[in-house]
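To keep things clear, I will list the structure first and then write my remarks on it.
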Amino acid sequence: MSTLISFLGKGRADPKTGYRTATYRFDEGFSRSVPFFGLALTEYIEPDRLVLLGTAGSMWDVFFEGEGLGDDAQLELMAAIDAGSVSEALLDLPRQRLADRLGIPVSCLLIPYARDEAEQAAILHRLAAVVEPGESLCIDVTHAFRHLPMLALVAARYLARVAAVTVEELYYGALEMTPPAGETPVLRLGGMLRMLDWVDALATYDKDGDYAPFARLLTEDGMERSRGELLARAGYFERTSNPVRARETLTSVFPSVEAHRGLLGSLFVETLKKRIGWFRGRTRDDWELSLADAYLQRRDYLRSATFLYEAFVTRACNERRGNPNDFDQRSEAYAAARAQIPAVRQLEYLRNALAHGVRPRASEDVRTLDEEARLQAKLKSLRRELFGQ
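When you read off a place in the sequence shown, starting at 1, and then add 1, the result is the number in our numbering.
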């Protein structure tokens, strides 16, 4: 189901001519001259239902001129608007008349003025209560109070995450951009939502090292799909503790990331390059140590301990001139180092405790795992002991 959510602010109606009319130009073949943009937008996008949001003093009567309410009902509504005392009961009759004319369900929801955090949260609660999971939404902010478009942007992201809806577009009829004797342009502001998708992807990567969201976004931004899929595959290998395959894949896809010049991707590519730059290390233990540091910073202690452990094993194998990609040679190198360096055993016990959720036998290890600050300090201490850095 598709729904148009349209915000309604205050307007000044001329006693003789009513509300000001503008001619909104949507595209080459569609324009409408109306006092309220939401009605023209309803005709343009043909939603399955219309939800109108306004305060007790919003210009509700702009919708209902010509709806056959009768003089008494119209005057009562206008008086309530002037007094800032419109109720949903008062809107019920004109709402039904408008629904009959449009041929779709119409809801009129009263909202507060969003003057403070409590009122802003109340609006989000109200919106979440009237949408259904899987719905497709368009949001119109043309006639909203000037601060409400900012809340509408938050609402779009909130509803997508909490109510599992898809926000297709944000619309704004830019009256102040109307040229003399010309038509009013209709702006589509959905690019802001896609910018937030990139910000979310960065937050996701900083939290857990997952590149997959970037793969989709880069593809949508013009990168060849197969190259985007390579980036997602690199993230999979990294998160399954396979730095060799991750590096091979990143080496292949990195030139495409570096050369990307998409409209939105170009805003974030430099940051993404820094995030995945670990693969530039000279040797496998360099890659693993960089990943151990990165996951410690993300507070992903199991992966940090795992990569720290593997970095040490790789370095021990290299020092014996063994093959760090051979399981048996890694085991032999580790066994020899473990017998000589107590910190190696400590790292092994710590990694096992994190991986298996088993309470360590040593009281010192129990204390380490009981508090996050102690665990962080222990991992940093083991890194210094084992790598001298």
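Don't be surprised by glycine CBs; every beta carbon is placed ideally from N, CA and C.
Heavy atom of the ligand ATP less than 8 Å from the Cβ of G135, yes or no? The ligand ATP is absent from the structure shown, which contains no ligand whatsoever.
Pairwise C-alpha distance: Y212 and A293: 17 Å
For T18, which residues from the same chain have a beta carbon less than 8 Å from its beta carbon, with the 5 sequence-adjacent residues on both sides left out? Because T18 sits at a pLDDT of 48, beneath the cut-off of 50, its placement in the model cannot be relied upon, and the point is left open.
Reference E29; option with closest CA among T185, A74, Q298: T185
Quick check: the Cα distance between D117 and H148, rounded to an integer number of angstroms? 11 Å
Going straight from the alpha carbon of L245 to that of N319, what length do you get? Reading off the sequence, residue 245 comes out as Val, not Leu. Roughly 15 Å separates the two Cα atoms.
Delimiting residues of the alpha helix (DSSP H) encompassing L376: 373-388
Tell me the start and end of each unbroken alpha helix (DSSP H) in the stretch 98-139 that is at least 4 residues and wholly inside, in chain order. 118-131
Out of A119, K11, A122, V187, state which residue places its alpha-carbon closest to the alpha-carbon of M79. K11
Euclidean distance between Cα positions of L273 and Y237: 16 Å
In terms of alpha-carbon separation, which member of E221, V254, T241 lies closest to L231? V254
Does the stretch 159-166 touch the stretch 123-131, meaning 3 or more C-beta pairs lie closer than 8 Å? yes
With H, G and I counted as helix, E and B as strand and the rest as coil, what does DSSP make of E169? strand
With distances taken between CB atoms, is the gap from A23 to L176 smaller than 9 Å? yes
When you compare only the Cα positions, how much space is there between S7 and D62? 15 Å
Could you spell out the range, first to last residue, of the beta strand (DSSP E) harbouring G55? 50-55
Own chain, CB closer than 7 Å to A312, minus 5 neighbours either side, in chain order: D286, E289, L290, A293
If you check the beta carbons only, do L154 and V107 fall under 9 Å apart? no
Who are Y25's beta bridge partners in DSSP? R33, T185
Between M2 and E136, how many whole angstroms is the CB-CB distance? I'm expecting something under 8 Å. 5 Å
Paired residues, beta bridge with F280 - DSSP: Answer by DSSP bridge pairing: none, since F280 is not bridged.
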